[in-house]
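**Q** The following block contains the structure, expressed as structure tokens.
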Amino acid sequence: MSDPIYEYDEISTTTALERAKIPLPKFLKKNHYFGFLGILLVYLLAGTYSEYSQTIMNTIIFAIIGASLIVVFGMAGQLTLGHTIFVAAGVFLSANITTVWTRGLETELPIAFGVAFLLGLLVGFPSLRVNELYLALATFAVAFVGVQVLFEWKQFSGGGSGKPVGKLELFGYEFSRGPTLVRIALVLMLITFWVVGNYQDGRTGRSWNALRTSETAARAAGLPVAWLKILCFGIGGGLAAIGGVLYAHTLRFAIPENYGVSLSIIVVLALIIGGKHRLMGAVLGAVFVKWLPELSRDVQEYEGLIYGGTLIILTLIAPDGLVGMFEWLGERIKNLKNDSEDRKTPSVVKETAPLESQYLAPLASSEAKGSLIVRDAAVAFGGVKAVDGVSFEIPAGGVTGLIGSNGAGKTTLFNAITGHVKGATGQFILDGEEISQKPIHNRALSGLGRTFQNLNLHDDLNVLEHALLGLDRNMKYGRIAESFRMPWVLREEKNAHYVAAELLDHMDLLEYWGEKVEDLPYGLQKRVDVVRALATNPSILLLDEPAAGLPTAEALEMMEKVQEYANHISAGVLIIEHNVELVAGVSDRIIVLDAGKTIADGTPEEVTRNEQVIAAYLGT
Amino acid sequence: MVDYIQIAWQGLVSGFAYALIGLALVMVYKTARILNFAAGTMAGISGFLAHWWAAEQDMPFGVAILFAMIMTGAGTYVVERLTVRPLVKLGDFLPIVIMTLGVEEFLANVSLLWWGGTARRYRVPGDIDRINWLIGDFRLNAWHLVVAITTFVTLSIVGYIINQTELGLGMKAFAEDQDAAKLMGIKESTVSIWTWVLSALVGGVTGIVFAPVLFLQQDYMNIIFIKGFVAAILGGFLSLSGGVAGGLLLGELEAFTIKWAPREFAAALPVVIVFIVLLIRPHGLFTREKGHERV
Amino acid sequence: MKSKLWKLLAIFAVLGLIAVGCGDDDDSSSSSSSESSSSESSSSESSSSESSSSEEAAAEEECELARGVTADKILFGSSQPMTGNLAALGEQAVLAMEVTRDRINEGGGINGRMIEFIVQDDAYNPEKTVSNAQYFIEQENVFAIWASIGSATLKAALPLHDESNTPSLFPWAQDLSFYDVNNHPLFFSVNPPAYAQTKGFGNYLVDNFGTDGIKVGLMTINSVDGEQTVQGYKDSSGGDLLVDEQTWERDSTTYGPQILSFIDSGVTDVYVGTGDTQFAQFLLEADQLGLEARFWGSTGTISANTIELAGDLSEGAYGVNVISSATGDKPGLNAYREAMFAAGAEEAQISTASLLAYTGGLVLEEMLTRAGECLTVESFVAAGESIKDFDTGGIMRPLNFSAENHLGNNDVIILQVQNGAWEELVVGQE
């Protein structure tokens, strides 16, 4: 995201984006140039170093597989120990297509990708039920079973004996296997890396990163988390199969027993060593795993010592992988240069009111939304009834406060409304639409926006990206277009960037747009949580203790901004707060909960004078 | 009928190996949230050490084992201090897993350089591993009985330590809630190191007691490790007895599937079944959700 | 401004790409690159070699020595499983190769040339075997590749060997496809295919024990070799007696289930296609579970280590091998053992693996000697094909090669453990 090469679009020069100098997504970025030149270099040198062609090929193949694993593991965070099943699919499809059909790469590549994609969708299903360690086992089981299937499916795999791979050709034109194969592999690597890079820049990559860092928040933003998980396996699988096709042509023989669990582990290991959050990591990891044995041929009997020792040292000094280590060094060097300068970017002067900007103005609406009907909401944890038959009706466009002592059930009620707690009963109707049976992200798409008591921000993403996440539902471009960086994809992304910038400006976050949220002070983090919710253009905004931990002045200022925005889009607001003064000040109405039940529901004046409320909550 | 008992017993014997390694793995995971990938190689080295003391240094059988266990414990202590300790602060489990993989590679090479590729026989007093008793139609190998007894004794000792000693209390506390335990004044580094040592000793026992069965060769404990890992996950990875039960269950599963399943699927079936179990009970058989122990 | 610079750079890059892509003649396969390097080495060697007489000088200048051959050295490469669970085999083969090398070199070499070889680990992983092959051929410029282990690994590397005109010599690999001289003219072996071995076993079984009441079980590995093993048995005269087929995995920790199945099927004879450690374990477990049958080990099981590990239980076990027992008493075998122990071998390393490599070494020595001063791939191959009735001192029956047959030994030998050692029962079982 921090690409200093940017361009202005010829509109007004006072948009928030321009003032903050936020770079816009472009078709070609610095990384593209570097990557292309790097690959070009190897391309040109392939002939000179032809005696290393096997090792170079293996490196390229592993880099491609690493890139495909970035999709599954680096971005979506799904630890898979069965990834080589897709490689195997590519290898054996290649063997069969070249010998039985006698076709070339033009057939092998699409079919390998397609079949592996579908296989990936299938393999992705367990990821919905289990997570982390258990997913690792589930995928381990998949790899294990996959190899057995290959053994037994003799027609496809040749059984234990395996199958030879036919000629390397493209549209009938045959190639030899030395440097030419390396060059073909480089072209495929270029394409694969480009595609994965396009996802990293686009909404799918953003969504994957979001679900990795906080599934809860990702769902609340309206992202279809389940589908995204399955999809990452599909795409990752398809790309891995491309590596498989190349692998088939390098080995020239396909044998089932090579594609088992140990290869899966090596592939994951390589990526972790290189650094799983950057494409460069896939390259570095592949280089490490493939060149260490090559360069230590003379001391081969100590290879395990060298390999193991390097791993140990690497994890001690570079837990984020080699890429992480280089990035850290880069930061240090940059800091040395910028020592005297203030680390924070200078504050950006507001010129146009964000709400009047061409990006946020259209969202204005006088039609009040956010009417919420809650009937007999109930949530029980074991024997404890956290929410015990709560009912109320909030009119559209209203601001409602929800107060009660700790443990009264306020957040649980929120979770019941948004769907974040299982086993909730009751009816929830938003703007006339019943959402009680809908999954979380569909409720979000119906117009529910919320913030969280414990923030649930996305580590690794910066402030701007949080806003962009909220805007995801506005982006209409498809995933295929995204893979190929189509012009309309860039157009929509640019537009979203402008909108996001204005949103940040409204919440006074503009100057922090590029900061990673984990580096921000608490108060700013709370605002990021809010901005993410606002970006979803909600009909009703559920705020869970937005002022908690903030000094009153800051809290009031933030609430003012939120209110302003809510009025702008005529959305309703339901706010949980402990600070009664604050709540009374902003709300039209207050609902008081105690031990899971409503004990008061009325105007602030009525409620603050209610004896039961005073006894239970306000106290002396 | 007796045939089934025989199969069940064979499965149980394999199961003991998986159970013990599963126990060793779960122990470290529960307390420190670390997956020790080096457990298999470490267990194998214990076996090599026991053989070395007995065959090369002419120590009596029991003394050789004692020395091997002492060396195992000491070695683990050193390795933990040097490699794992510094990473614990990071909180992220991934680097530590890589670390144990690195340790595994390193140790595997060391053991290859030392031991070479040849398989050797681990001789036991009176060669009782070659004695088989006939009880009706049921055949009992004498060493298998020794294995069973050893497993039982080991589990009892570990159980005692966990439930009756201060160390065990510390381990349980850390398993429940790391931060709370630290706040209570329980020293994390002490608990951690002794958990590792205990785990390595359990692994060492396994490596030694199964040496006559598997022969002492490179990587001979590797497959046991993988199956112990699977067993631990079957049990839920957060329950010690779950890990043990998972191991026994896996052993039985393997034994019976080869009997009943068509040849083609026999190898894969146990893993598939574990997989299906996880689909139904994602947190393992013996663990409640959110990591609370049921057993 | 900066962006314009990048764009310019990109345009140059694309132009460069097109230039390289069109005008590139580096598309040569490794064969031409190796040929160019071989002509380089021969020309440099012919100019630096010291010839003792002018006639020899004249002859040498006309002779283009093969890659990996100089006036004083012949270089071989060998890809071995030095790590992993086949590490023992790799070690044994390397030891035998060292013994061969020392014997040849101490005798003054062959035609004045010393033998040298480089070993690289492939951990029985075909990917590594292929990359090792490339390393040997293109970086180390070896003459030939010697003593590979495993069919899966050699199968992957063979195309590379063939394309680069590199002989593949005397591996322990048994896949049927290797022996087709038309496809693999540079392949020489003394190790008959697995297919032939089990066929011989089946025939011997019927010849000696008849067919009455005989029930046969096979346990083979689920891999390249295993399937051909089963097929070979089925094609023998005992084929109809097969009642139970079991497989084993390298990951197996026990053979209990297979043994119980054999008990159920009531087998009288079991063929165990495994290595020596596995065979020993099988015998142990068969005894534990009460499987009463005759046990027939395969090539890999015939070693002193089997007897060492299995102890008394090995007594009476049969074996099907392609070579005499390494512990037998024959001139060739005695010489082999003497040399091995002198080189520091342990008892356990007196095995089929090392003996096979050693015997291959004997033939290799003969081939090199016959090829003469002008050692090229052609003269080497011709030399090999000319070998008839080659005496190995009893290790194998006299070996015969020809233009159609690069497998000098078709013997199947039946052995049995008697008094703690493998004894030959029949040599040359068909």
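Same order as they appear, the protein sequences are chains W, B and Y.
Residue numbering for the first sequence follows our numbering, beginning at 1 and increasing consecutively.
Residue numbering for the second sequence follows our numbering, beginning at 1001 and increasing consecutively.
Residue numbering for the third sequence follows our numbering, beginning at 2001 and increasing consecutively.
C-beta: ideal position from N, C-alpha, C; glycine also.
Everything numeric in this text was worked out from a predicted model, so none of it was measured.
Any idea what DSSP makes of B/Lys-1182, helix, strand or coil?
**A** Helix at B/Lys-1182.
**Q** Tell me the residue span of the alpha helix (DSSP H) that contains B/Trp-1052.
**A** Segment: none, B/Trp-1052 is in no alpha helix (DSSP H) and carries neither H nor E.
**Q** Of the choices Y/Gly-2332, Y/Leu-2399 and Y/Tyr-2233, whose alpha-carbon is the least far from that of Y/Thr-2220?
**A** It is Y/Tyr-2233.
**Q** Does DSSP put B/Arg-1281 in a helix, a strand or coil?
**A** B/Arg-1281: coil per DSSP, three-state reduction.
**Q** Quick check on DSSP: helix, strand or coil for W/Val-586?
**A** In this structure, W/Val-586 counts as helix in the three-state DSSP scheme.
**Q** Based on the DSSP output, what are the partners of W/Pro-164 in its beta bridges?
**A** The partner list for W/Pro-164 (beta bridge, DSSP) reads W/Phe-253.
**Q** Could you name the residues of chain W that Y/Asp-2121 contacts, counting a contact when the two beta carbons are closer than 7 angstroms?
**A** The answer, in chain order, is Gln-300.
**Q** Pull up the distance between the alpha-carbon of B/Leu-1145 and that of B/Ser-1046, whole angstroms please.
**A** Rounded to the nearest angstrom, the two C-alpha atoms are 21 angstroms apart.
**Q** Hey, how far is the Cα of W/Glu-367 from the Cα of W/Glu-518?
**A** For W/Glu-367 and W/Glu-518, the distance between alpha carbons rounds to 37 angstroms.
**Q** W/Val-573 by DSSP, collapsed to three states: which one?
**A** Three-state DSSP puts W/Val-573 in a strand.
**Q** By Cβ distance, which residues of its chain are closer than 7 angstroms to B/Ala-1245, with the 5 residues on each side in sequence left out?
**A** Here the set comprises Gly-1235 and Phe-1286.
**Q** Where does B/Val-1209 land, buried or exposed, given buried means 16+ other C-beta within 10 angstroms?
**A** B/Val-1209 should be labelled buried.
**Q** Can you tell which of Y/Thr-2277, Y/Phe-2380 and Y/Thr-2229 has its C-alpha closest to the C-alpha of Y/Ala-2087?
**A** Selected option, being the one with the closest Cα: Y/Thr-2277.
**Q** Buried or exposed: which applies to Y/Ala-2304, given that a residue is buried once 16 or more other Cβ atoms fall within 10 Å of its Cβ?
**A** With 16 or more other Cβ atoms within 10 Å, it is buried.
**Q** Tell me which same chain residues have a C-beta within less than 6 angstroms of the C-beta of Y/Val-2243, skipping the five on either side of it?
**A** Closer than 6 angstroms at Cβ, skipping near neighbours: Lys-2215 and Ser-2265.
**Q** So does the segment 2091 to 2108 of chain Y actually touch the segment 1124 to 1137 of chain B, counting three or more Cβ pairs closer than 8 angstroms?
**A** Segments in contact, no.
**Q** I'd like to know whether the C-beta of W/Tyr-307 is nearer than 9 angstroms to at least one C-beta of chain B.
**A** Judged by the 9 angstroms Cβ criterion, W/Tyr-307 is in contact with chain B.
**Q** Could you please give me the residues that DSSP links to Y/Ser-2303 through a beta bridge?
**A** The partner list for Y/Ser-2303 (beta bridge, DSSP) reads Y/Ser-2351.
**Q** Ignoring anything shorter than 3 residues, give me the beta strand (DSSP E) runs that lie fully in the segment 391 to 459 of chain W, in order along the chain.
**A** You should have 399 to 404, 425 to 430 and 448 to 450.
**Q** What does W/Tyr-43 touch in chain B if you count any residue whose Cβ is under 8 angstroms from its own?
**A** Within 8 angstroms Cβ-Cβ: nothing; W/Tyr-43 doesn't reach chain B, min ~32 angstroms.
**Q** Does chain B have any CB closer than 9 angstroms to the CB of Y/Ala-2280?
**A** Judged by the 9 angstroms Cβ criterion, Y/Ala-2280 is in contact with chain B.
**Q** On the CB-based measure, 16 or more other CB atoms within 10 Å of its CB, does B/Trp-1379 come out buried or exposed?
**A** Outside the shown range of chain B, which is 1001 to 1295, sits residue 1379 of chain B, and nothing can be said about it.
**Q** Checking the sheet assignment: what are the DSSP bridge partners for W/Asp-388?
**A** For W/Asp-388, which the question treats as bridged, DSSP gives the partners W/Ala-378.
**Q** Among residues of its own chain, excluding the 5 on either side of Y/Gln-2488, which ones have a beta-carbon nearer than 7 angstroms to its beta-carbon?
**A** With chain Y running from 2001 to 2430 in the structure shown, residue 2488 of chain Y is simply not present.
**Q** Less than 9 angstroms between the C-beta atoms of W/Glu-577 and W/Leu-543, yes or no?
**A** Result yes, Cβ atoms of W/Glu-577 and W/Leu-543 sit closer than 9 angstroms.
**Q** Quick one, which of Y/Ser-2402, Y/Ser-2252 and Y/Gly-2360 has its alpha-carbon nearest Y/Thr-2392's?
**A** The shortest Cα separation from Y/Thr-2392 among Y/Ser-2402, Y/Ser-2252 and Y/Gly-2360 belongs to Y/Gly-2360.
**Q** In angstroms, rounded to a whole number, what distance separates the CA positions of Y/Thr-2083 and B/Ala-1142?
**A** Rounded to whole angstroms, Y/Thr-2083 to B/Ala-1142 spans 34 angstroms at the Cα level.
**Q** Please name the residues in the segment 1112 to 1125 of chain B whose beta-carbon is closer than 9 angstroms to at least one beta-carbon of chain Y, in chain order.
**A** Cβ contacts with chain Y: Leu-1112, Gly-1116, Gly-1117, Thr-1118, Ala-1119, Arg-1120 and Arg-1121.
**Q** Under a CB-based cut-off of 9 angstroms, is W/Leu-311 close to chain B?
**A** Answer yes: the Cβ-Cβ gap between W/Leu-311 and chain B drops below 9 angstroms somewhere.
**Q** Give the single residue among W/Glu-515, W/Ser-483 and W/Pro-546 whose Cα lies nearest to the Cα of W/Asn-454.
**A** Among W/Glu-515, W/Ser-483 and W/Pro-546, the Cα nearest to that of W/Asn-454 is on W/Pro-546.
**Q** Relative to the C-alpha of B/Pro-1125, which candidate in B/Met-1059, B/Leu-1023, B/Tyr-1077 and B/Thr-1031 has its C-alpha closest?
**A** Closest by alpha carbon: B/Met-1059.
**Q** To the nearest angstrom, how far is the alpha carbon of Y/Phe-2279 from that of B/Ser-1014?
**A** Whole-angstrom Cα-Cα distance: 18 angstroms.
**Q** Along the chain, where does the alpha helix (DSSP H) that runs through Y/Arg-2294 open and close?
**A** No alpha helix (DSSP H) holds Y/Arg-2294; the beta strand (DSSP E) holding it covers 2294 to 2297.
**Q** Closer than 9 angstroms, CB to CB, is Y/Pro-1958 near chain B or not?
**A** With chain Y represented from 2001 up to 2430, any question about residue 1958 of chain Y goes unanswered, as that position is not in the structure.
**Q** Could you spell out the range, first to last residue, of the beta strand (DSSP E) harbouring Y/Gly-2077?
**A** Y/Gly-2077 -> beta strand (DSSP E) spans 2073 to 2080.
**Q** Would you say W/Ser-539 and W/Lys-410 are within 9 angstroms of each other, going by their C-beta atoms?
**A** Against a cut-off of 9 angstroms, the Cβ pair of W/Lys-410 and W/Ser-539 comes out as no contact.
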